[in-house]
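Asker: So this note's numbering is basically just the index in the sequence shown, starting at one, shifted up by 12.
For each residue, glycine too, the CB sits at the ideal point set by N, CA and C.
As the structure is a prediction and not an experimental result, all values here were calculated from the model.
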Amino acid sequence: MLRRHAVSVRSNVRDALAAINRLSGESMTLFAIDDAGNLVGTVTDGDVRRALIAGADISDSVESVMHRDYLYLTPGEDWCLRIAEGRRRRLTLLPVVRCGHIIDIVDLSAIKTRLPIDAVLMAGGKGERLRPLTQDTPKPLLTVGEKAIIDYNVDELERCGVERIFVTVNYLAHKIESHFRQRTGRAKVTCIREPKRLGTMGSMALIDGIHSDNVLLMNSDLLTTLDFEEMYLHHVRSGADLTMAAVPYTVSVPFAIMKMEGKRVKGLEEKPTYNYFANGGVYLMKSSLLSRIVAGEYLDAPDFITSLIADGGEVGCYPIEGTWIDIGSPDDYRYANDLMKRRVGFK
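1. Expressed to the nearest angstrom, what Euclidean distance is found between the alpha-carbon atoms of Leu296 and Ser250?
2. Where Ser71 and Ile32 are concerned, what is the direct C-alpha to C-alpha distance, given to the nearest angstrom?
3. Measure the C-alpha to C-alpha separation of Glu175 and Phe289 and round it to an integer number of angstroms.
4. Rank Asp253, Glu97, Asn182 and Thr56 by C-alpha distance to the C-alpha of Leu302 and give the top, closest one.
5. Is it the case that the region 132-144 contacts the region 156-168, given that we only count it when at least three CB pairs across the two stretches are under 8 Å?
6. Residues in the same chain with beta-carbon distance under 8 Å from Asn50, minus the five sequence neighbours each way, listed in chain order, please.
7. Do the region 79-89 and the region 19-34 meet, that is, are 3 or more Cβ pairs less than 8 Å apart?
8. Between Lys159 and Leu153, what straight-line distance do the alpha-carbon atoms span, to the nearest angstrom?
9. Which residue marks the beginning of the alpha helix (DSSP H) containing Ile339, and which one marks its end?
10. Taking the alpha helix (DSSP H) that Phe316 falls in, what are its first and last residues?
11. Please classify Gly293: is it buried, with 16 or more other beta-carbons within 10 angstroms of its beta-carbon, or exposed?
12. Just to confirm the assignment: which complete beta strand (DSSP E) runs, minimum length 3, are found wholly within the region 240-302?
13. Report all residues from its chain with a CB closer than 6 Å to the CB of Val52; omit the five preceding and five following residues, and keep chain order.
14. Quick one: grab the DSSP three-state call for Ile162.
15. Counting along the chain, where does the beta strand (DSSP E) carrying Met134 start and finish?
16. To the nearest angstrom, report how far apart Ala217 and His247 are at their CA atoms.
17. How should Tyr345 be labelled, buried or exposed, when 16 other C-beta atoms within 10 angstroms of its C-beta is the threshold for buried?
18. Using alpha carbons as the reference points, say which of Val179, Ala185 and Tyr183 lies closest to Lys200.
19. What does DSSP give as the partner residue(s) for His113 in the beta ladder?
20. Are Leu105 and Gly173 touching if we call contact CB-CB under 8 Å?
21. Give a yes or no on whether the C-beta atoms belonging to Ile188 and Pro150 are separated by under 8 Å.
22. What distance in whole Å lies between the Cβ atoms of Met230 and Ile305, which are believed to be in contact at a cut-off of 8 Å?
23. Which value, in whole angstroms, describes the spacing of the CA atoms of Leu120 and Ser190?
24. So, Asp239 versus Lys298, is the Cβ gap smaller than 8 Å?
25. Need the endpoints of the alpha helix (DSSP H) that Ala96 sits in, please.
26. So, are the CB atoms of Asn291 and Thr262 less than 8 Å apart?
27. Starting from the C-beta of Leu228, find all residues in its chain whose C-beta is less than 6 Å away, skip the five residues before and the five after it, and write them out in chain order.
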């Protein structure tokens, strides 16, 4: 790919057009390279057309039509923000540059983003409200549409460039482990067995292998169109220690509500509507917070977050737009399957 998309800065516009023509079916972007092998600019078919319309000649140098203000990636940096900027500029390829030389090219049509996070999916619950469906099948492996519930989440994380995914398991653990042994994908998926129920946060202490500055934690039985990239960008820009995905929840009261002072009625509010945010079961947090978790002790997310707030930690929220289904009951399961038949927002 590097060779096909490279053009010498000494070449002329005719050479660039010929190189672009050979890229049939690929992104029509060339990277201009100088005699020392350094990247000095980019050239697209649109750049060439505009230059010719403006009076350029096909014998003119590539240097005269190339973009010098190009966007690139460097190894070891957080690529997410730059990829988002690339999409905003409608770029299709981003070069990875080390010491001036292109060492790789990221095709933005092949990945959604490259989130610099590890992810943890909680898959240890018994799913008792879904019996008998979960008698012999752990809830994350129940099929919705053509895939297991958990696979929708793993697939989306892979599309977002997440490379390490941990799955905590307990109930029918061997079936989930077998499922991921047979699965192929870009991410490395590691199952972690809970010796006993430890709660959402308590099981995090079992994981020895989180290397990212931030870690995503989510329930594996969710079906959601949550944009992980936008949630990550929101989390980083806000400076929060932990960001919770929030589900808009509206309560409409079908009666007039009395406004009271003591035993006196001071007014009436006719059929009011109250808007809240509910916990969506998806968390992005600084990995340094894992030191707050005591190994072997039960700890659920609400208690962990309450303790963090009490100690002065910054906790933010990111509202979910679109679909969010917590598959906890037969009605939820039927609704999810009906939604999948209509292919609403899922891949």
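Answerer: The short version:
1. Their backbone Cα atoms lie some 12 Å apart in a straight line.
2. The alpha-carbon of Ser71 is positioned some 16 Å away from that of Ile32.
3. For the pair Glu175 and Phe289, the Cα-to-Cα distance works out to about 31 Å.
4. Of the candidates Asp253, Glu97, Asn182 and Thr56, the one whose C-alpha sits nearest the C-alpha of Leu302 is Asp253.
5. Cβ pair count under 8 Å is three or more, so yes.
6. Within the same chain, and ignoring the five residues on either side of Asn50 in sequence, the residues whose Cβ sits closer than 8 Å to its Cβ are Gly112 and His113.
7. The way I'd put it, the region 79-89 doesn't touch the region 19-34; fewer than three beta-carbon pairs between them come closer than 8 Å.
8. Straight-line Cα distance between these residues: approximately 8 Å.
9. Per DSSP, Ile339 belongs to no alpha helix (DSSP H) and is neither H nor E.
10. Going by DSSP, Phe316 is part of the alpha helix (DSSP H) stretching over Ala313 to Ala322.
11. Answer is buried; the Cβ neighbour count reaches 16.
12. List check, beta strand (DSSP E) in window: 254-264, 268-273, 276-282 and 285-298.
13. The beta carbon of Val52 is closer than 6 Å to those of Val21, Ala44 and Asp46 in its chain, skipping five residues each way along the sequence.
14. Reduced to three states, the DSSP call for Ile162 is helix.
15. That run of the beta strand (DSSP E) goes Ile129 to Ala135.
16. The alpha-carbon separation between Ala217 and His247 amounts to approximately 22 Å.
17. Flag for Tyr345 reads buried.
18. Looking only at Val179, Ala185 and Tyr183, the smallest Cα-Cα distance to Lys200 is reached by Val179.
19. Looking at the DSSP assignment, His113 forms a beta bridge with Arg110.
20. No, they are not a contact pair.
21. A contact, by the Cβ cut-off of 8 Å.
22. Between Met230 and Ile305 the Cβ distance is about 17 Å, and since that is not below 8 Å, they are no contact.
23. Rounded to the nearest whole angstrom, the CA to CA distance from Leu120 to Ser190 is 32 Å.
24. Not in contact: Asp239 and Lys298 (Cβ atoms no closer than 8 Å).
25. Run containing Ala96: Trp91 to Arg100, per the alpha helix (DSSP H) assignment.
26. No Cβ-Cβ contact shorter than 8 Å links Asn291 with Thr262.
27. Listed in chain order, the non-local C-beta contacts of Leu228 below 6 Å within the same chain comprise Ile129, Ala131 and Leu296, local neighbours out to five positions each way being set aside.
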